[in-house]
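What follows is a short report on a single structure.
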């Protein structure tokens, strides 16, 4: 099973934990309308103040993907208020009340496109009903706009604020039947809206987890076991306790479910700078026996041996790939590889918590998945999940790292040791790089058969990944239905596994960010052998419009018509001719990928000079359905994802392991992409199709990586089959 | 030992270890968390402040070195005419994604445009290459600097 699906299923399960009905009904579970000047609540998300200011709660974690602006846009549109009237506030975690609250899998748009608009439309219906009641006129005779109800026949108007106290007592409509706007009437959706927090960000206002500062707050720094999965044997804190500002030393043996992966000792005091310096005086004995043999070199040697053997396990088998290859006019084979990667969120992992004297636990947490964190903290500390409050802070980069609960469990353990005082745990950069849930490395031996007509007729992939007991680790799987397998008669995807001690996890467009490189890079080789180009081979292989079901039951089918739509669109947009570059050192490459419900095709133009690769321009054609909700942010997400992909292709260095321990220290040996390495331009075009809108945080990223590999081949004649790509 | 410095035009005195980096003095002792911690090694630029007119990494600047100096942070950058134009351009173009690096980006851009009001593309890259944006908002950063440069030149003309 693909590990992605497990996580996504758990998200969906979490969203249903409070009952599916609650998710809907809660949106209009009315609080009693307070009298006087207090704002009236219209459902759980909307409140209207006497000055007609509309406050909308943003329920999902904001990691820079723009949902704190986007979700309220959906509500405001159907509520029919002017965007200038709207104030936005971040909700605490309470999934029984608000429905699913996580930032993962590019799922915020697909999960909320309908429910959020229904919540807005439901509130509007109640305001209209209140006006109809007040004026004694039929509901159908009333219209709304800009937070006002109007009666055209008499020219009367009334503000939502004047109606809100009465409206809050009107019976809630059936949200499944409430009328929604015709998209042609949208005034907020589809219009560029700047991020709601931008004005505060440019003033340096405290917004992020690291900025949380409840009164009386203490600080904590940890010494982590250098070998992930190693355990705490003993420690001597006599010296550290003498250091200025140090107040407590707390062993942490539970940072992971199941417990034991992230043992540490925390130093608590009155200044992070002081405790971070003081932690050097801690003498700690770790037990790393059994884990210190793991190394990057060891993995590579094992992979090499496994690639030459038969796969341990079948992932997908159809027809007889070996027989088809034996009959093929041409056979192409190549090995691809990619390394472990860290997330390197610029805001290092941190969390603030207060263990109240009555045993209640309060968090200020930069978490992408507060619901799972609540359950994990409860399980590890043996406390009632209902005894916790989780305030969600703005997050200085998510990328999947903060879907994990480790930093919240660790903070809870520390807070428990200093009850009554809030405490902030902050990792330094080395802690952050070495204690990640890494994107796992992997290897693929690809073999394809081409018939005399140049058609792809057989395909084999032997995938070497990380796992144990026949199961890939988190984010180390691959879809059995990976294209083009389902389009072919003779296919064999097989898998073999290597063990590792490190924790693995989701990195923006997980699995896709690696598999796209392998498959689209290899298909470019197949196209070349077939005497054609990759877009033409793609169109030929996609064939007639049809849908290939996903091997993951939570994932939508692969729609060949939508895939073809973006392939053709990007070729037109970039002026793709299929001819080789005529200029020395200039290259052009193509890549396609379908992930996170989005179809993306991209063309890269690059220059190679003195072994240095410069990305000149990237063209992107994307299909995320019928509506781009916030074009200003959509463009930004896509440009950012493309540059993130360029970084993975060319800049980021492999996370290295020696004797079980990750060796990276800082941005010197784990370099991130800088402004001088950014492309000249990232141009975007949309293919609008009649499908429900889907998310944009991730699906733009994967295709750019193979497009770069294919462009380097065009420029230099060299196939680079291992990440990061280098001509040195 | 009490050390005095000027932060955003206000005299401030702090009595902490003189080797404490300015970053942590701002965040912990002066209650100004706008300046961000990213790497602690001067590699990412998130902690950039302007010290006597120059962009410096506050994580690498011991408090003792800031004694008697004039510090500008993100909380006060808009008080200068160049800083105001930079902040305005950043807001107009909606440069931030997660926003964590943007304080440092704005401080570096302000220092760059103060020294070089009309920077070439290469000067922009050189002036900004010390500031990492993990969300990769670089294309908008370039546009915002061009916009601010235009506004500054317009105001001066």
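Protein chains in written order, with our numbering: chain A, 1 to 728; chain B, 1001 to 1157.
Glycine residues also receive a C-beta, built at the ideal position from the N, C-alpha and C atoms.
> What number of angstroms, rounded off, separates the C-alpha of residue 419 of chain A from the C-alpha of residue 356 of chain A?
Replying inline: Against the first chain, residue 419 of chain A aligns to sequence position 419. Against the first chain, residue 356 of chain A aligns to sequence position 356. As the crow flies, the alpha-carbon of residue 419 of chain A is around 6 Å from that of residue 356 of chain A.
>> What does the alpha-carbon distance come out to for the pair residue 477 of chain A and residue 465 of chain A?
In response: To locate residue 477 of chain A, count along the first chain from 1; it is residue 477. To locate residue 465 of chain A, count along the first chain from 1; it is residue 465. Roughly 7 Å separates the two Cα atoms.
> What number of angstroms, rounded off, separates the C-alpha of residue 215 of chain A from the C-alpha of residue 682 of chain A?
Replying inline: Residue numbering aside, residue 215 of chain A sits at position 215 when the first chain is read from its first letter. Residue numbering aside, residue 682 of chain A sits at position 682 when the first chain is read from its first letter. Spanning the alpha carbons of residue 215 of chain A and residue 682 of chain A requires a straight line of approximately 45 Å.
>> Considering only DSSP beta bridges, list what residue 662 of chain A is partnered with.
In response: On the first chain, residue 662 of chain A is found 662 positions in, with the first residue counted as 1. DSSP output for residue 662 of chain A lists A:657 as bridge partner(s).
> DSSP on residue 362 of chain A, reduced to helix/strand/coil?
Replying inline: Within the first chain, numbered from 1, the residue matching residue 362 of chain A stands at position 362. Correct three-state label for residue 362 of chain A: strand.
>> Give the list of continuous beta strand (DSSP E) stretches no shorter than 3 residues that lie fully inside the region 31-102 of chain A.
In response: Qualifying beta strand (DSSP E) stretches, in chain order: 40-42, 46-48, 54-58, 86-90.
> For residue 198 of chain A and chain B, any beta-carbon pair shorter than 8 Å?
Replying inline: By one-based count along the first chain, residue 198 of chain A stands at place 198. It does: the Cβ of residue 198 of chain A has a partner Cβ on chain B nearer than 8 Å.
> Looking at chain A, which residues of the region 1052-1070 of chain B have a Cβ within less than 9 Å of any of its Cβ atoms?
Replying inline: Answer in chain order: no residues at all.
> If we count the other Cβ atoms within 10 Å of its Cβ and call it buried at 16 or more, is residue 97 of chain A buried or exposed?
Replying inline: For this step, residue 97 of chain A is matched to residue 97 along the first chain. Buried, since its Cβ has 16 or more Cβ neighbours within 10 Å.
>> Using only CA atoms, which one of B:1051, B:1063, B:1054, B:1037 lies nearest to residue 1004 of chain B?
In response: Numbered from 1 along the second chain, position 4 holds the residue referred to as residue 1004 of chain B. Checking every option, the nearest Cα to that of residue 1004 of chain B belongs to B:1063.
>> Taking 7 Å as the limit between beta carbons, can you name the residues of its chain near residue 543 of chain A, skipping five residues before and five after?
In response: Counting from 1 along the first chain, the entry for residue 543 of chain A is found at position 543. Sequence-distant partners of residue 543 of chain A (beyond 5 residues in either direction) whose C-beta falls short of 7 Å from its own C-beta, in its chain, are 487, 560.
> Relative to chain A, which residues along the region 1021-1033 of chain B have a C-beta separation below 9 Å, given in chain order?
Replying inline: Per Cβ criterion, the list reads 1021, 1023, 1024, 1025, 1027, 1028, 1029, 1031, 1032, 1033.
> Which value, in whole angstroms, describes the spacing of the CA atoms of residue 374 of chain A and residue 330 of chain A?
Replying inline: Position 374 of the first chain, counting from 1, holds the residue named residue 374 of chain A. Position 330 of the first chain, counting from 1, holds the residue named residue 330 of chain A. So the two alpha carbons sit approximately 55 Å from each other.
> Cβ of residue 158 of chain A less than 8 Å from any chain B Cβ?
Replying inline: Within the first chain, residue 158 of chain A is the residue found at index 158, counting from 1. So, not an interface residue.
> What residue from B:1149, B:1061, B:1065 has the CA that sits closest to residue 1087 of chain B's CA?
Replying inline: As a first step, residue 1087 of chain B must be located in the second chain, where it is residue number 87. For residue 1087 of chain B, the nearest C-alpha among the options comes from B:1149.
>> For residue 449 of chain A and residue 556 of chain A, what's the separation of their Cα atoms in angstroms?
In response: Numbered from 1 along the first chain, position 449 holds the residue referred to as residue 449 of chain A. Numbered from 1 along the first chain, position 556 holds the residue referred to as residue 556 of chain A. So the two alpha carbons sit approximately 28 Å from each other.
> Given a limit of 8 Å on CB to CB distance, which residues of the region 330-363 of chain A reach chain B?
Replying inline: Here the close residues are 344, 345, 346, 347, 348.
> How would you list, in chain order, the residues of chain A whose beta-carbon sits under 7 Å from the beta-carbon of residue 1119 of chain B?
Replying inline: As a working mapping, residue 1119 of chain B is identified with position 119 in the second chain. Here the premise fails: no neighbours, minimum Cβ distance about 12 Å.
> Out of curiosity, what's the CA-to-CA distance linking residue 226 of chain A and residue 1119 of chain B?
Replying inline: Looking up residue 226 of chain A in the first chain gives position 226. Looking up residue 1119 of chain B in the second chain gives position 119. Rounded to the nearest angstrom, the two C-alpha atoms are 45 Å apart.
>> For residue 250 of chain A and residue 364 of chain A, I'd like the C-alpha separation in whole angstroms.
In response: Here residue 250 of chain A refers to the residue found at position 250 of the first chain. Here residue 364 of chain A refers to the residue found at position 364 of the first chain. Cα to Cα, the separation comes out at about 20 Å.
> With distances taken between CB atoms, is the gap from residue 704 of chain A to residue 625 of chain A smaller than 8 Å?
Replying inline: Locating residue 704 of chain A in the first chain gives position 704, counting from the first residue. Locating residue 625 of chain A in the first chain gives position 625, counting from the first residue. Note that the C-beta distance between residue 704 of chain A and residue 625 of chain A is not below 8 Å.
> Rounded to a whole number of angstroms, what is the C-alpha to C-alpha distance between residue 41 of chain A and residue 209 of chain A?
Replying inline: Residue mapping note: residue 41 of chain A aligns to position 41 of the first chain, counting from 1. Residue mapping note: residue 209 of chain A aligns to position 209 of the first chain, counting from 1. One C-alpha to the other measures close to 28 Å.
> Using the beta-carbon count (16 or more within 10 Å), is residue 305 of chain A buried or exposed?
Replying inline: Against the first chain, residue 305 of chain A aligns to sequence position 305. Exposed, since its Cβ has fewer than 16 Cβ neighbours within 10 Å.
> For residue 1001 of chain B, which of helix, strand or coil comes out of DSSP?
Replying inline: For this step, residue 1001 of chain B is matched to residue 1 along the second chain. Judged by DSSP in its simplified three-state form, residue 1001 of chain B adopts coil rather than helix or strand.
> CA-CA distance, residue 1015 of chain B and residue 1067 of chain B?
Replying inline: Here residue 1015 of chain B refers to the residue found at position 15 of the second chain. Here residue 1067 of chain B refers to the residue found at position 67 of the second chain. Residue 1067 of chain B has its alpha-carbon roughly 12 Å from the corresponding atom of residue 1015 of chain B.
> Do the region 313-330 of chain A and the region 686-701 of chain A meet, that is, are 3 or more Cβ pairs less than 8 Å apart?
Replying inline: By the Cβ test, the region 313-330 of chain A is not in contact with the region 686-701 of chain A, since fewer than three Cβ pairs between them sit closer than 8 Å.
> Measuring CA to CA, which of B:1013, B:1052, B:1096, B:1047 is closest to residue 1130 of chain B?
Replying inline: In the second chain, the residue the question calls residue 1130 of chain B occupies position 130. Checking every option, the nearest Cα to that of residue 1130 of chain B belongs to B:1047.
> What separation, rounded to the nearest whole angstrom, lies between the Cα atoms of residue 436 of chain A and residue 401 of chain A?
Replying inline: Here residue 436 of chain A refers to the residue found at position 436 when the first chain is read from its first residue. Here residue 401 of chain A refers to the residue found at position 401 when the first chain is read from its first residue. If you take the alpha carbons of residue 436 of chain A and residue 401 of chain A, they lie about 7 Å apart.
> residue 24 of chain A to residue 514 of chain A, Cα distance in whole Å?
Replying inline: Taking the first chain and counting its residues from 1, the one referred to as residue 24 of chain A is at position 24. Taking the first chain and counting its residues from 1, the one referred to as residue 514 of chain A is at position 514. Its pLDDT being 33, under 50, residue 24 of chain A is placed unreliably by the model, and nothing is read from it.
> Cα separation between residue 483 of chain A and residue 516 of chain A?
Replying inline: Indexing the first chain from 1 puts residue 483 of chain A at position 483. Indexing the first chain from 1 puts residue 516 of chain A at position 516. Straight across, the Cα-Cα distance linking residue 483 of chain A with residue 516 of chain A is about 10 Å.
> In chain order, which continuous runs of the beta strand (DSSP E) of length 3 or greater are located wholly inside the region 585-625 of chain A?
Replying inline: 586-595, 598-609, 612-623, all fully within the region 585-625 of chain A.
> In chain order, what residues of the same chain lie with their CB nearer than 7 Å to the CB of residue 1040 of chain B, ignoring the 5 residues before and after it?
Replying inline: For the purposes of this step, residue 1040 of chain B is taken as residue 40 along the second chain, with counting starting at 1. The answer, listed in chain order, is 1059.
>> According to DSSP, residue 438 of chain A sits in a beta bridge with which residue or residues?
In response: Position 438 of the first chain, counting from 1, holds the residue named residue 438 of chain A. Bridge partners of residue 438 of chain A: A:504.
> Mind checking whether residue 61 of chain A and residue 388 of chain A have CB atoms under 8 Å apart?
Replying inline: Locating residue 61 of chain A in the first chain gives position 61, counting from the first residue. Locating residue 388 of chain A in the first chain gives position 388, counting from the first residue. In this structure, residue 388 of chain A does not lie closer than 8 Å to residue 61 of chain A by Cβ.
>> Quick check: residue 396 of chain A and residue 1138 of chain B, are their CB atoms within less than 8 Å of each other?
In response: If you number the first chain from 1, residue 396 of chain A lands on position 396. If you number the second chain from 1, residue 1138 of chain B lands on position 138. No.
> What is the DSSP secondary structure of residue 371 of chain A, counted as helix, strand or coil?
Replying inline: Here residue 371 of chain A refers to the residue found at position 371 of the first chain. Residue 371 of chain A carries a helical assignment under DSSP once its states are collapsed to helix, strand and coil.
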